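For what it's worth, my numbering labels the leading residue of the sequence shown as 452, then goes sequentially. Idealized CB from N, CA, C, for every residue including glycine. Just so it is clear, the structure is predicted and the values come from calculations on it, not from any experiment.
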Amino acid sequence: MQAAGLDPLESRGSPFQAAMGANRTWDNGTRHNVTLHEPLPALYEFLPAVYSAICAVGLTGNTAVIYVILRVPKMTTVTNVFILNLAVANGLFTLVLPVNITEHLLQRWPFGELLCKLVLAVDHYNIFSSIYFLATMSVDRSLVVLATTQSRHVPRRTLRGAEITSLCVWISVTIMVLPFFAFAGVYSNELQVTSCGLSFPQPERAWFKASRIYLLVLGFLVPVRTLCVLCVDLLRRLWALQLHSRALGKAKRKVTTLVLAMLAVGLLCWTPFHLASIVALTTDLPQTPLVISIFYVITSLSYTSSCLNPFLYAFL
Numbered sequence: 452m453q454a455a456g457l458d459p460l461e462s463r464g465s466p467f468q469a470a471m472g473a474n475r476t477w478d479n480g481t482r483h484n485v486t487l488h489e490p491l492p493a494l495y496e497f498l499p500a501v502y503s504a505i506c507a508v509g510l511t512g513n514t515a516v517i518y519v520i521l522r523v524p525k526m527t528t529v530t531n532v533f534i535l536n537l538a539v540a541n542g543l544f545t546l547v548l549p550v551n552i553t554e555h556l557l558q559r560w561p562f563g564e565l566l567c568k569l570v571l572a573v574d575h576y577n578i579f580s581s582i583y584f585l586a587t588m589s590v591d592r593s594l595v596v597l598a599t600t601q602s603r604h605v606p607r608r609t610l611r612g613a614e615i616t617s618l619c620v621w622i623s624v625t626i627m628v629l630p631f632f633a634f635a636g637v638y639s640n641e642l643q644v645t646s647c648g649l650s651f652p653q654p655e656r657a658w659f660k661a662s663r664i665y666l667l668v669l670g671f672l673v674p675v676r677t678l679c680v681l682c683v684d685l686l687r688r689l690w691a692l693q694l695h696s697r698a699l700g701k702a703k704r705k706v707t708t709l710v711l712a713m714l715a716v717g718l719l720c721w722t723p724f725h726l727a728s729i730v731a732l733t734t735d736l737p738q739t740p741l742v743i744s745i746f747y748v749i750t751s752l753s754y755t756s757s758c759l760n761p762f763l764y765a766f767l
């Protein structure tokens, strides 16, 4: 019998289960055992307020971004098409946060399997779409700066092209999310507490690890490696432009600064989450209130990414 370490996605999909210090066992006889070894951490009581604030700010901010881009003609630019899609993804995620808050307050999952699948799918949509739209914007900015250094225009950089690219990102993310939708389900532990989470076939431990590796590689390592290469190249070219010419106009500098700021915030919010996944994969942490509280802070930080971009968009 082998117990899994606390995983950040466990606290995302089943907050009560994770907060209880659920020692999840992976043998042939017992699935999802939950035993109360430790009291609930003090932070647990504040999570509904934190999630509610993120929901209110994120939903308001992203709705405002969507409205402005769609209603103001001069805001219809290639970069803003990508920002619009990112705002849609973040706004969609904030819409399901009240469901997580309700589960948290009731300390069980009362909504049935279909909504469980939808909530976990939207949660993973947020993980994948955030990083891939940031990567798309970084590629776009790199092409613009590269073209500026060579005194030419970016070929086929049109609104239509941005819309097609965004559609391709959504299709790719949908394909990546499908396994999580398929394995999401409602189950009961030995205390008959219903939870919404990922339910895998045997050998369950191996499937669990595979799902974490899948998320880590496709949702973080691959896009972040691309982002790092692009950002280093982009900053190098920007430095050369500032030293030798005024080729990069004020408007282009502002947009480039915005994209870099959004990228920095995205990495700041998501890197601890994925590092926690690595810890969960490689170690069996003790399920103490302190450890669980740290994982809740990390999870809340990743949630916060959905409400910060509108502020960057407004002030940069």
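Distance between L557 and L681, taken at the CA atoms: about 45 Å. Out of F724, T734 and M713, the CA that lies nearest to the CA of L672 is found in F724.
Cβ-Cβ distances below 6 Å link L494 to S744 and Y747 in the same chain, with the five nearest sequence neighbours on each side left out; the list follows chain order. Within the same chain, and ignoring the five residues on either side of A572 in sequence, the residues whose Cβ sits closer than 8 Å to its Cβ are V628, F631, F632 and A635. Rounded to whole angstroms, the separation of the alpha carbons of L642 and G717 is 38 Å. For Y638, the enclosing beta strand (DSSP E) begins and ends at A635 to S639. Per DSSP, the continuous alpha helix (DSSP H) segment holding L667 begins and ends at E655 to L667.
A residue is called buried when at least 16 other Cβ atoms come within 10 angstroms of its Cβ; M588 meets this threshold and is buried. In the DSSP assignment, G512 falls within the unbroken alpha helix (DSSP H) covering L498 to R522. Below 8 Å, enough C-beta pairs join the region 540 to 551 and the region 564 to 571 to call them touching: three or more.
Runs of the alpha helix (DSSP H) lying entirely within the region 554 to 613 and spanning at least 4 residues, in chain order: 564 to 600. A straight-line Cα-Cα distance of about 13 Å links A661 and G670. Cα atoms of T734 and G612: separation of roughly 45 Å, rounded to the nearest angstrom. Take the alpha-carbon of F562 and the one of F544: they are about 17 Å apart. For G648, DSSP records a beta bridge to G636. With fewer than 16 other beta carbons inside 10 angstroms of its own, L521 counts as exposed. Judged by their CB atoms, R607 and L711 are not nearer to each other than the 9 Å cut-off.
Taking every protein chain shown into account, the CB of A727 has 16 or more other CB atoms within 10 angstroms, so this residue is buried.
Put simply, the backbone Cα of V683 is about 24 Å away from that of S617. Contact between the region 749 to 758 and the region 504 to 515 is present: 3 or more CB-CB pairs across the two stretches fall below 8 Å.
Distances from the alpha-carbon of L719 to those of L610, T609, S581 and T707 put S581 closest. Straight-line measurement puts the Cα of V668 at about 25 Å from the Cα of L686. Sorting E554, A540, R656 and V590 by C-alpha distance to the C-alpha of L498 places E554 at the top.
The three-state reading of DSSP puts L642 in coil, since its state is none of H, G, I, E or B. With fewer than 16 neighbouring CB atoms inside 10 Å of its own CB, C619 falls in the exposed class.
Rounded to the nearest angstrom, the gap between the Cα atoms of R663 and V523 is 41 Å. The beta carbon of L714 lies closer than 8 Å to those of L585, M588, S589, L678 and C682 in the same chain, with the five residues before and after it left out. Here V532 has L610, A613, E614 and S617 as same chain residues with Cβ atoms under 7 Å from its own Cβ, once five neighbours each way along the sequence are excluded. If you draw a 10 Å sphere on the C-beta of A500, you find fewer than 16 other C-beta atoms in it, and that means exposed.
The beta carbon of V624 lies closer than 7 Å to those of Y576, F579, S580 and Y583 in the same chain, with the five residues before and after it left out. Taken through DSSP and simplified to helix, strand or coil, D735 comes out as coil.
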